[in-house]
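Engineer: First residue of the sequence shown: 1, per this note's numbering; consecutive thereafter. The C-beta atom is built at its ideal place from N, Cα and C for all residues, glycine as well. My questions all concern the structure below.
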Amino acid sequence: MDITSFVVQGRDQALLYGDYSTYHSQLSKRLLNSRKKLGIATKNRGKFQKKDKITAEDVAGNHEHVHLLLLTSERAFAQAMSMKAAHTADQKGLSSRTRSHIVSRLGKAARAAQDLVDVLSQKDISGASDNDVIEAKAYAALIRGAMLFEKHTWEPCLQSYAIARVIYSALATSGKGDLFKDLLSETIDPSIRYAAYQLKTPRTVPIPTIARKAFPRSDTALVQEIDNIDPSILAEADAAAKTGVTAESAPRTLTWRSREVQIEDAQISLAWASVDGAKSRLTTAVEASKDKEPYELAAVYDEILTATQDAVDATKQAIDELKAEGVAQSDPRMQRLQITRTAVNYEMISWRIGRNRVLTGRQDGAPEEYGSLRRKKKSKAATDADKKERELPTRKKLVKLKEKIALYDGTLQNLKSIKELPGVAADEGLATKLDAVEKYFESLKCLSIARSHAIIGNVANALALINRATELCQESSSKLPNTAQEANRAPLSVEVTSESVSGLEQLLNGELQRHRAIVHIDNLRKAESDEAGKGLQIPLLERLHEYPANGVDLSNLVEFPPKLALIPMKPIFLDVAWNYIDYPGKTGGAAAPAAAPEPAKEPAPQAKRGWFGFGRS
Numbered sequence: 001m002d003i004t005s006f007v008v009q010g011r012d013q014a015l016l017y018g019d020y021s022t023y024h025s026q027l028s029k030r031l032l033n034s035r036k037k038l039g040i041a042t043k044n045r046g047k048f049q050k051k052d053k054i055t056a057e058d059v060a061g062n063h064e065h066v067h068l069l070l071l072t073s074e075r076a077f078a079q080a081m082s083m084k085a086a087h088t089a090d091q092k093g094l095s096s097r098t099r100s101h102i103v104s105r106l107g108k109a110a111r112a113a114q115d116l117v118d119v120l121s122q123k124d125i126s127g128a129s130d131n132d133v134i135e136a137k138a139y140a141a142l143i144r145g146a147m148l149f150e151k152h153t154w155e156p157c158l159q160s161y162a163i164a165r166v167i168y169s170a171l172a173t174s175g176k177g178d179l180f181k182d183l184l185s186e187t188i189d190p191s192i193r194y195a196a197y198q199l200k201t202p203r204t205v206p207i208p209t210i211a212r213k214a215f216p217r218s219d220t221a222l223v224q225e226i227d228n229i230d231p232s233i234l235a236e237a238d239a240a241a242k243t244g245v246t247a248e249s250a251p252r253t254l255t256w257r258s259r260e261v262q263i264e265d266a267q268i269s270l271a272w273a274s275v276d277g278a279k280s281r282l283t284t285a286v287e288a289s290k291d292k293e294p295y296e297l298a299a300v301y302d303e304i305l306t307a308t309q310d311a312v313d314a315t316k317q318a319i320d321e322l323k324a325e326g327v328a329q330s331d332p333r334m335q336r337l338q339i340t341r342t343a344v345n346y347e348m349i350s351w352r353i354g355r356n357r358v359l360t361g362r363q364d365g366a367p368e369e370y371g372s373l374r375r376k377k378k379s380k381a382a383t384d385a386d387k388k389e390r391e392l393p394t395r396k397k398l399v400k401l402k403e404k405i406a407l408y409d410g411t412l413q414n415l416k417s418i419k420e421l422p423g424v425a426a427d428e429g430l431a432t433k434l435d436a437v438e439k440y441f442e443s444l445k446c447l448s449i450a451r452s453h454a455i456i457g458n459v460a461n462a463l464a465l466i467n468r469a470t471e472l473c474q475e476s477s478s479k480l481p482n483t484a485q486e487a488n489r490a491p492l493s494v495e496v497t498s499e500s501v502s503g504l505e506q507l508l509n510g511e512l513q514r515h516r517a518i519v520h521i522d523n524l525r526k527a528e529s530d531e532a533g534k535g536l537q538i539p540l541l542e543r544l545h546e547y548p549a550n551g552v553d554l555s556n557l558v559e560f561p562p563k564l565a566l567i568p569m570k571p572i573f574l575d576v577a578w579n580y581i582d583y584p585g586k587t588g589g590a591a592a593p594a595a596a597p598e599p600a601k602e603p604a605p606q607a608k609r610g611w612f613g614f615g616r617s
């Protein structure tokens, strides 16, 4: 029959774009349609006749009778909630008459819900399943708890809400967990906490423990039904069952910078116990993962990051609740919560930084390692040449360096967030250590940027950045206290050891000397190329046919002192031979062959005149 789904979906659809008044009007229409389906609706202008109570036989004949009872109960509940919402903004609060009206409407809703329980309990006649009966009991307890909440009868109210919570917690383990969990977190748990507060129950007691103690064990039939679904619900709190931490064994105090404070809220206590458990499991996983890749090792940090985030959320919720109650900042409870807030936020950000350090690679990314293009899995027939790792191209190297720089930026941003936590700036020792850690990661960032400049050939920029990285590393080394590393395979966090800083300093000194040599060699090459270029320059006198785009070099107008040089000229016999060469097509067509020349007639011999033929005529 899906009683809980029917109710929750109806509320969500109405409250998504409206309020309880809209929900009330929708329920009136749905209730009329349900009566028409069953043939019991009062006709237009007809005389109203009181209908008989719904029996188990009616439900067996048509399940629409179940919806009729649910809609009747929900309409009365929606009317009460709409009246309460309408008077919420009143400065004087709810008047006694309005409160009486609200209680009356909730009482009608509770009676309709109880009628549904009575009908479905006759399982042999109605045909209802065990799940339908227990869902109806949970819904009736929820509506009855809302009525008792408005009547300010806190002990019965707590008992009703405890019944609803235990049943819905049991149903969440069998199926539709999200539906029941939302109902618990949004409606039931806040009501239980407020009722327990009115009964002077301390906040350090968790809600599952309160519900388990308030649950009526005398109702053996209900206890048996819950045990049939999940026997661990009444034996242990559901939150403790998942984490392995009970409310009794959860820590009551928290230590932060040699100061021990009492944990004010039970949810914080359970979350902090989960953090301790996740920390021990992380240490074991890191020690066992010697040959894992960085991204595989970073995935191990997911559990502790989730646990610390839960602790941060629980602390923020506790602080918001105290602020809503009007508790001043000078109150001891608020002071203890502020210290707890700093401690849990510091823990969460510390593990975030540790995850980034894992992703940067070995020794926080200080060695110049880029990986390879070769896949891990190779066929057995692969040759030795295929097994050799190939060097990444320049573009992929720059991409990997860019990713590493992004991780360093994230780490520096997290360190800035730690400094903004309450009480950190006043702690001189912690502030000095954080400054040293910040200088350390800034040095690594400068080193990665320098390597990117060196790859593209900007050796001077690379030298300047490495020099800056060396200065930052020296500042970090002077501020960081000398502490021995406890374990080589300890999980990485914000704690940077002096060994890591000294290792980076040695690496930077070597890189500084190497890049100084590279820059010196580069300068010598440039000087040689400039001198060679100047030696090969042609004087301006021999380049008059060219326009001096870069200006006239007045020191290179002519060659001085002059030297013997070859003068390019054309031999005279080429001009003479040109006169006696005939090319095809010179006189006729280009394709026609040249006609054979006629034999030249020999001229008549002339008489010699004087010496050498130069006589007078």
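(1) With H, G and I counted as helix, E and B as strand and the rest as coil, what does DSSP make of Q329?
(2) Return helix, strand or coil for L540, following the three-state DSSP convention.
(3) If I'm right that D115 touches E225 with Cβ under 8 angstroms, what's the distance once you round it to whole angstroms?
(4) Between the segment 54 to 63 and the segment 3 to 17, are three or more C-beta pairs nearer than 8 angstroms?
(5) Taking 8 angstroms as the threshold, find out whether the segment 63 to 82 comes into contact with the segment 109 to 129 through three or more Cβ pairs.
(6) Cβ of T4 versus every heavy atom of the ligand NAP: is any distance shorter than 6 angstroms?
(7) Three or more C-beta pairs closer than 8 angstroms, one from the segment 306 to 314 and one from the segment 449 to 460: is that the case here?
(8) By alpha-carbon positions, which one of L480, I304 and S232 ends up nearest to E428?
(9) Less than 7 angstroms between the C-beta atoms of K397 and Y440, yes or no?
(10) By DSSP's criteria, Q262 is part of a beta bridge. Which residues make up the other side?
(11) Have a look at G410 and V552 and give me their C-alpha separation to the nearest angstrom.
(12) Check whether the Cβ atoms of I163 and I134 lie closer than 7 angstroms to each other.
(13) T187: buried (16+ other C-beta within 10 angstroms of its C-beta) or exposed?
(14) Would S443 and A469 be called neighbours here (beta carbons separated by less than 7 angstroms)?
(15) If you follow the alpha helix (DSSP H) that N131 is in, where does it begin and where does it stop?
(16) Report back the beta-carbon spacing between G145 and S82 to the nearest angstrom; my notes put them in contact at under 8 angstroms.
(17) Residues in its own chain within less than 8 angstroms of Q363 by CB, not counting five upstream and five downstream?
(18) Alpha carbon to alpha carbon, how far is K387 from S448?
(19) By the three-class DSSP mapping on this structure, what secondary structure does K376 have?
(20) In whole angstroms, what separates the C-alpha of V245 from that of P206?
(21) If you reduce the DSSP assignment to three classes, tell me which class Y301 lands in.
(22) May I ask you to verify whether the segment 458 to 473 touches the segment 515 to 528, counting CB pairs closer than 8 angstroms and requiring at least 3?
(23) Can you tell me whether G326 is buried or exposed, with buried defined as 16 or more other CB within 10 angstroms of its CB?
(24) For L434, which residues in the same chain have their Cβ closer than 7 angstroms to its Cβ, ignoring the five residues on either side in sequence?
(25) So, using beta-carbon positions, are T306 and L421 closer together than 7 angstroms?
(26) Taking the straight line between their C-alpha atoms, what separation do you get for G589 and D582?
(27) Could you give the DSSP three-state label for Y580: helix, strand or coil?
(28) Roughly how many angstroms lie between the CA atoms of Y17 and A78, to the nearest whole one?
(29) Express the C-alpha separation of L554 and R525 in angstroms, rounding to a whole number.
(30) Alpha carbon to alpha carbon, how far is L234 from T308? Give it in angstroms, no decimals.
(31) So L463 is in the alpha helix (DSSP H); what residue range does that whole segment cover?
(32) On the criterion of 16 or more Cβ atoms from any shown chain inside 10 Å, does W578 qualify as buried, or is it exposed?
(33) I'd like to check one pair, A170 with D230: are the Cβ atoms closer than 7 angstroms?
(34) CA-CA distance, A273 and V66?
(35) From L392 to A460, what does the alpha carbon distance come to, in whole angstroms?
Structural biologist: In short:
(1) Correct three-state label for Q329: coil.
(2) It is helical.
(3) Contact between D115 and E225 does not hold, since their C-beta atoms are separated by about 19 angstroms, which reaches or exceeds 8 angstroms.
(4) Because the criterion of three Cβ pairs below 8 angstroms is not met, the segment 54 to 63 and the segment 3 to 17 do not touch.
(5) Counting C-beta pairs closer than 8 angstroms gives three or more between the segment 63 to 82 and the segment 109 to 129, which meets the contact rule.
(6) For the structure depicted, the ligand NAP is absent and the ligand set is empty, with no information on it obtainable.
(7) Result no; under three Cβ-Cβ pairs closer than 8 angstroms.
(8) Measuring from the Cα of E428, the nearest candidate turns out to be L480.
(9) No. Outside cutoff.
(10) Looking at the DSSP output, Q262 bridges to T253.
(11) Rounded to whole angstroms, the gap between the alpha carbons of G410 and V552 is 55 angstroms.
(12) Contact flag unset, no.
(13) Under this definition T187 is a buried residue.
(14) The answer is yes: Cβ separation under 7 angstroms.
(15) Start and end: D130 to K151.
(16) So it is not a contact: roughly 19 angstroms between Cβ atoms.
(17) Shown here for Q363: same chain residues with a beta carbon closer than 8 angstroms to its own, the five before and five after excluded, namely S500, G503 and L504 in chain order.
(18) Note that K387 has pLDDT 47, beneath the 50 cutoff, so the model's placement of it is unreliable and the number below is only indicative. For the pair K387 and S448, the Cα-to-Cα distance works out to about 28 angstroms.
(19) Unreliable placement is indicated for K376, whose pLDDT of 48 sits below 50; the coordinate value is still reported in the next sentence. The three-state reading of DSSP puts K376 in coil, since its state is none of H, G, I, E or B.
(20) Caution is warranted here: a pLDDT of 49 is assigned to V245, below 50, making its placement in the model unreliable, and the coordinate value is therefore given only provisionally. Looking at the two C-alpha atoms, the distance is approximately 12 angstroms.
(21) Looking at Y301 - three-state DSSP - the assignment turns out to be helix.
(22) Verdict: yes, contact present.
(23) Here G326 is exposed: its Cβ has fewer than 16 other Cβ atoms, across all protein chains shown, within 10 Å.
(24) The answer, listed in chain order, is L415, I418 and K419.
(25) Taking 7 angstroms as the Cβ cut-off, T306 and L421 do not qualify as a contacting pair.
(26) Bear in mind that a pLDDT of 46 at G589, under 50, signals an unreliable position, so the number given afterwards is only what the model happens to contain. Distance from the CA atom of G589 to the CA atom of D582, rounded to whole angstroms, is 13 angstroms.
(27) Y580 falls in the coil class under three-state DSSP.
(28) The straight-line gap from Cα to Cα measures roughly 15 angstroms.
(29) So the alpha carbons of these two residues sit roughly 26 angstroms apart.
(30) Taking C-alpha positions only, T308 is separated from L234 by approximately 28 angstroms.
(31) Judged by DSSP secondary structure, L463 falls within the alpha helix (DSSP H) whose first and last residues are V459 to K479.
(32) Exposed is the call here.
(33) Yes, the Cβ-Cβ distance between D230 and A170 is below 7 angstroms.
(34) It is roughly 45 angstroms from the alpha-carbon of A273 to the alpha-carbon of V66.
(35) Whole-angstrom Cα-Cα distance: 24 angstroms.
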